[in-house]
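First the structure, in the form of structure tokens, and then the observations on it.
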Ligand code: NAD
Ligand code: DAU
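In this note's numbering, the protein residues as written are 6 to 363.
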């Protein structure tokens, strides 16, 4: 039986955070979870529907940049583990409006690090077993050509405001380990897909447009490559890292599932054709593909060498892309109301109903 932990999950109402909270509740009844989330456009309480506050789980609405709030939470909840997901996460938004990325991803991470340092390492702090896990991205390594993989030794070369802000936060986390001895670990993961992903990202966006017979925007020539990982595999990897990882180390996490974007788009179109039938004009959904102006600075290829986490912690992905994408499409079909409330914006009313009226 694992030791009890009091875990601060930041960004637990987002895509990966919500899947992680669900996994914890299912598999680690002995852990206490405090979910701190600002409920930005990407935070959705419906992602945690069915989970009620209890002695095991508590939701706190707030900003990771708010030092006073962080101090109170760390002290009152006796936080010993941080799993830090909260971020601005969408590359396209970072190109049109980088300021929020600098604020949340850099200043927010800095605020969390400062609070952890003060609460865990000050003279008044009682000794304990602590872990600060910073959830980061493979995009910090830049872009690959046709061959090669990102390893933990690959030099950072971020190329979008998003990846530059994540690289900056990774450097801060490393600095707090080396300078102050803060027990911190970093994970750098490839593209996730699965339930509860905000439909601005490629897979849920293509699902939604394709189902509704709308055009499917494919950037550039559609041949950019991403390494897709099923979200539950990512969440399991994070659990392994907080329970068995070595502080001061970083771990790459990947799906070993390299696909060109156009292949992913075609797969979703074909799955929908076979599950719900072709378009009303009897055309296959692939006919909706439109090649559009490329993303500025679009990274060509990402691919992860995940041998460190496999050799040291025994983790490897369990889900194949073929099975994972079909399961994901089935989930979105069965949860069409979730998608609708996100698209029409009414998901944001849920917080008021749940918390402001009681
Ligand atoms: P997401 O955009 O779906 O969710 C982000 C969450 O953070 C939301 O719930 C939002 O409300 C919350 N948040 C934003 N700003 C906040 C603030 N100032 N204070 C408190 N909460 C705030 O993101 P995601 O896709 O779930 O990604 C989670 C983390 O994983 C991010 O750090 C991202 O960089 C990293 N990551 C994502 C992927 C991916 O494919 N999605 C891959 C590798 C790493
Ligand atoms: O690699 C990990 C990263 O993966 C995470 O750190 C990010 O938070 C996450 O958003 C994701 O970044 P990408 O930019 O790779 O994901 P996105 O879903 O936005 O795009 C995937 C690919 O599809 C990318 O090459 C751009 C392309 N694309 C995207 C959209 C939204 C299109 O061709 N058309 C689109 O409409």
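Built from N, CA and C at the ideal position, the CB exists for glycine as well.
Beta-carbon proximity check, residue i vs residue j, cutoff 9 Å
| i | j | result |
| --- | --- | --- |
| residue 100 | residue 300 | yes |
| residue 50 | residue 337 | no |
| residue 127 | residue 145 | no |
| residue 90 | residue 22 | yes |
| residue 177 | residue 111 | yes |
| residue 147 | residue 161 | yes |
| residue 56 | residue 114 | no |
| residue 12 | residue 86 | yes |
| residue 102 | residue 189 | no |
| residue 293 | residue 173 | no |
| residue 75 | residue 141 | no |
Nearest candidate by alpha-carbon position, reference residue i, set the options
| i | options | result |
| --- | --- | --- |
| residue 67 | 50, 195, 41 and 53 | 41 |
| residue 270 | 250, 77, 220 and 150 | 220 |
| residue 280 | 234, 242 and 333 | 333 |
| residue 139 | 266, 246, 282 and 19 | 246 |
| residue 94 | 88, 352 and 19 | 19 |
| residue 187 | 217, 137, 174 and 172 | 137 |
| residue 239 | 323, 255 and 224 | 323 |
| residue 217 | 285, 72, 255 and 54 | 285 |
| residue 278 | 335, 109 and 34 | 335 |
| residue 64 | 354, 76 and 14 | 14 |
| residue 260 | 252, 154, 75 and 27 | 154 |
| residue 129 | 80, 105, 159 and 17 | 80 |
| residue 371 | 251, 272 and 346 | With the chain represented from 6 up to 363, any question about residue 371 goes unanswered, as that position is not in the structure. |
| residue 104 | 159, 62 and 165 | 165 |
| residue 135 | 88, 346, 159 and 358 | 88 |
| residue 226 | 306, 45, 358 and 204 | 306 |
| residue 343 | 35, 272 and 204 | 204 |
| residue 302 | 283, 358 and 224 | 224 |
Coarse secondary structure for residue i, derived from DSSP in three states
| i | result |
| --- | --- |
| residue 288 | coil |
| residue 104 | helix |
| residue 213 | helix |
| residue 349 | helix |
| residue 95 | coil |
| residue 231 | strand |
| residue 11 | strand |
| residue 252 | coil |
| residue 51 | helix |
| residue 206 | coil |
| residue 240 | helix |
| residue 315 | helix |
| residue 83 | coil |
| residue 136 | strand |
Straight-line gap, residue i to residue j (C-alpha atoms, nearest Å)
| i | j | result |
| --- | --- | --- |
| residue 212 | residue 191 | 32 Å |
| residue 43 | residue 202 | 17 Å |
| residue 319 | residue 295 | 42 Å |
| residue 249 | residue 290 | 45 Å |
| residue 315 | residue 321 | 6 Å |
| residue 209 | residue 131 | 46 Å |
| residue 199 | residue 242 | 15 Å |
| residue 193 | residue 327 | 23 Å |
| residue 163 | residue 276 | 34 Å |
| residue 264 | residue 331 | 15 Å |
| residue 84 | residue 313 | 28 Å |
| residue 92 | residue 262 | 25 Å |
| residue 348 | residue 222 | 17 Å |
| residue 298 | residue 47 | 25 Å |
| residue 9 | residue 308 | 35 Å |
| residue 97 | residue 109 | 16 Å |
| residue 122 | residue 170 | 21 Å |
| residue 54 | residue 255 | 33 Å |
| residue 340 | residue 73 | 38 Å |
| residue 120 | residue 71 | 10 Å |
| residue 30 | residue 152 | 40 Å |
| residue 361 | residue 351 | 16 Å |
| residue 26 | residue 287 | 42 Å |
| residue 185 | residue 125 | 11 Å |
| residue 244 | residue 33 | 10 Å |
| residue 175 | residue 143 | 11 Å |
| residue 345 | residue 329 | 22 Å |
| residue 183 | residue 159 | 19 Å |
| residue 62 | residue 45 | 21 Å |
| residue 272 | residue 82 | 45 Å |
Whole-angstrom C-beta distance between residue j and residue i, which should lie under 8 Å
| i | j | result |
| --- | --- | --- |
| residue 229 | residue 310 | In fact, because the Cβ distance is near 19 Å, the residues do not count as touching under 8 Å. |
| residue 195 | residue 232 | 4 Å |
| residue 181 | residue 118 | 5 Å |
| residue 234 | residue 266 | That pair is no contact at about 16 Å. |
| residue 24 | residue 236 | 5 Å |
Within-9 Å CB hit, residue i to chain D
| i | result |
| --- | --- |
| residue 193 | Considering every chain present, this structure includes no chain D. It has just one protein chain. |
Residue i: CB within 8 Å of a non-hydrogen atom of the ligand MN
| i | result |
| --- | --- |
| residue 236 | Inclusion of the ligand MN in the displayed structure is not the case, the ligand content consisting of the ligand NAD and the ligand DAU alone. |
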